Amino acid sequence: MQKATYKQTYVLGISFISALGGYLFGFDFAVISGALPFLRKQFELSAAWEGFLTGSLALGCIVGCLFAGRIGERYGRRPGLMMAASIFAVSSIAIALSSALPVFVAMRFMAGIGVGMASMLCPMYIAEVSPAEVRGRNVAINQLTVVIGILITNLVNYYLADKGVNAWRWMFGLGAIPSLVFLFGVIWLPESPRWLIKAGQMEKARLILNKIGSAEFAGQTKSDIVKSLSGATHVNLRAVFDKSVRPAVVIGIVLAIFQQLCGINVVFNYTSTIFQSVGANLDHQLFETVVIGLVNLIFTLLAMWLVDRLGRRPLMLIGAIGLAVLYLILAFLLQTHAATILISVAVMAAISIYALSLAPVTWVLISEIFPNRIRGAASMVAIVSLWGAYFVLVFTFPILAKYLGTYGPFYLYAAICLLGFFFIKARVNETKGQTLEELEENLFSH
């Protein structure tokens with residue numbers, strides 16, 4: 001009997017195209033950091049409004065995840081990705097043309113809907129088309145495109161910073177370009193074979209599996225999927241929290257919340273605020289965002305190499321304890337008004353640890369620990385939790401910084417990271433090298 005093999009170039013190609021949705025996340029994630037100095041003047045922002053304006057993206061992401069869950073389950077992953085790209089393109093232009101704060105916030109909320117849909121559907125799609133031995137790397141491609149989006153956006157922001165008071169309009173408006181590239185790429189993608197089988201479209205699923213791998217690979221994968229879906233019924237939230245799958249769902253939710261409340265996205269979104277607090281000028285603030293983007297990219301590439309070699313659990317443990325220690329150092333440096341170069345080194349070290357661990361690996365785990373029959377709904381619950389935590393984080397930071405000083409919140413984030421370390425050590429098992437169906441059997445057959 002011939003060995004089941006897969007076509008590496010084809011799988012990598014469709015993974016990269018799907019992961020372009022991550023670029024939209026990276027763009028909107030980074031653009032606010034460069035635009036905030038201009039928006040503060042444009043709209044005369046208070047601390048609360050600054051937090052709400054930044055966090056309005058997350059509120060839209062929550063709605064986007066809810067839409068994506070329904071659309072992805074009913075119509076397929078591909079139509080959902082196309083809708084996400086279209087929404088983002090329209091909202092980018094609308095934000096750039098905003099003339100009042102309520103309009104800006106409403107349009108940023110709309111952009112969040114597109115980002116939320118993509119953040120849920122892209123990792124899910126990649127996990128469902130990837131063979132087990134490269135699934136971790138391929139899902140991490142989504143995080144790679146996120147950090148590429150962050151880096152390129154930071155570079156553009158740095159270039160546009162001296163273009164006058166309306167520089168922020170160009171920063172946001174340029175988001176229409178990657179969203180249209182993503183839209184045209186998705187048109188070329190095949191539908192997820194797992195979704196097709198779940199929808200009863202066996203012949204279409206067989207054809208796509210034959211494109212992904214050999215006849216042996218297609219036959220074995222199809223058989224495993226059918227077996228995992230046997231007895232599956234309509235999925236609702238009650239099914240997601242059923243006793244038999246509740247442990248995995250709880251782990252997914254906690255990891256999603258932890259990835260945000262660990263605090264690193266404060267560094268991404270409020271770079272200018274952090275460095276302004278130690279006397280850095282606008283040019284230096286925006287330069288730091290570029291360096292952050294570069295460090296983020298380098299260590300994400302390293303994570304892609306390690307995630308299927310070292311494994312998910314060790315990387316998560318390294319990330320949690322590493323951030324806890326680095327936040328204590330960063331808080332002390334900010335509190336004592338240490339030299340800017342020391343603060344910059346501490347920030348870059350924190351970014352590197354996060355990019356190596358919690359950033360990509362959380363998405364990998366969310367995409368693979370749920371059973372086939374509830375994956376869409378369970379992923380929706382986990383990622384809604386993630387965006388809810390992101391809103392809490394970015395909304396509260398300006399307020400906490402106002403009353404505790406810029407350094408104060410980092411002591412809190414260090415404590416959260418320590419708690420995350422103990423949770424991962426106690427509850428998260430290794431998942432590398434197993435098919436989605438093998439994981440389901442191993443995790444839920446007891």
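UniProt numbering applies: residue 1 is where the sequence shown begins, and numbers increase by one. Idealized CB from N, CA, C, for every residue including glycine. Bear in mind the structure is a predicted one, so any value in this text is a computation, not a measurement.
Looking from the CA of S119, the closest CA among V156, A132, M110, L81 belongs to L81. Membership of C417 in the alpha helix (DSSP H) is indicated by the continuous run 408 to 427.
Counting the other Cβ atoms within 10 Å of the Cβ of L237 gives fewer than 16, which makes it exposed.
The DSSP assignment places complete alpha helix (DSSP H) segments of no fewer than 4 residues inside the stretch 133 to 205 at 167 to 173, 176 to 188, 193 to 198, in order along the chain. In this chain, the alpha helix (DSSP H) harbouring T396 covers 375 to 404. Residue environment for P247: exposed (fewer than 16 other C-beta atoms within 10 angstroms of its C-beta). Boundaries of the alpha helix (DSSP H) around N296: 282 to 306.
Spatial neighbours of I292 in its own chain (CB-CB distance under 6 angstroms, excluding positions within 5 residues in sequence) are listed in chain order as I351.
In the DSSP assignment, Y10 forms no beta bridge with any residue.
Only exposed fits K425, as fewer than 16 other CB atoms lie within 10 angstroms of its CB. In the DSSP assignment, the residues bridged to G213 are Y6.
Judged by DSSP secondary structure, V249 falls within the alpha helix (DSSP H) whose first and last residues are 246 to 261.
Taking all protein chains shown into account, V290 has 16 or more neighbouring C-beta atoms within 10 Å of its C-beta and is therefore buried. Within the stretch 49 to 127, the runs of alpha helix (DSSP H) at least 4 residues long that lie entirely inside it are, in chain order, 77 to 96. By the C-beta criterion, the stretch 350 to 366 is judged not to be in contact with the stretch 26 to 38, since fewer than 3 inter-stretch pairs fall below 8 angstroms. When Cβ pairs closer than 8 angstroms are counted between the two stretches, the stretch 414 to 424 is seen to touch the stretch 261 to 281, the count reaching three or more. Shown here for L317: same chain residues with a beta carbon closer than 7 angstroms to its own, the five before and five after excluded, namely F421, I424, K425 in chain order. N429 places its beta carbon less than 8 angstroms from that of R313.
In the structure shown, I274 falls within a helical segment according to DSSP collapsed to helix, strand and coil. Going by DSSP, I329 is part of the alpha helix (DSSP H) stretching over 312 to 335. By the 16-neighbour rule on beta-carbons within 10 angstroms, N372 is buried. Proximity to R78 across G13, V186, S92, I253 peaks at V186, based on C-alpha coordinates. E437 is a Cβ neighbour of D224, given a cutoff of 8 angstroms.
Between the stretch 125 to 144 and the stretch 340 to 347 there are fewer than three inter-stretch CB-CB distances shorter than 8 angstroms, so the stretches are not counted as touching. Annotation: T431 is outside any alpha helix (DSSP H) and is labelled neither H nor E by DSSP.
Non-local C-beta neighbours of I95 in its own chain, meaning closer than 7 angstroms and more than five positions away in sequence, comprise F104, M107, R108, A111, F172, ordered along the chain. Membership of I341 in the alpha helix (DSSP H) is indicated by the continuous run 340 to 356.
Of the candidates K402, Y411, Y413, G433, the residue whose Cα lies closest to the Cα of S46 is K402. Counting along the chain, the unbroken alpha helix (DSSP H) around L237 starts and ends at 237 to 240. Around the CB of M202, fewer than 16 other CB atoms lie within 10 Å, so the residue is classed as exposed. Boundaries of the alpha helix (DSSP H) harbouring N265: 264 to 269, taken from the DSSP string. Classified as exposed, K227 has fewer than 16 neighbouring CB atoms from the shown chains inside 10 Å of its CB. For the 8 angstroms CB-CB criterion, S367 and L189 do not form a contact. Residue environment: A280 is assigned as buried (16 or more neighbouring CB atoms within 10 Å of its CB, all protein chains considered). Burial check for A339: the Cβ neighbour count within 10 Å stays below 16, so the residue is exposed. A straight-line Cα-Cα distance of about 33 angstroms links I321 and G69.
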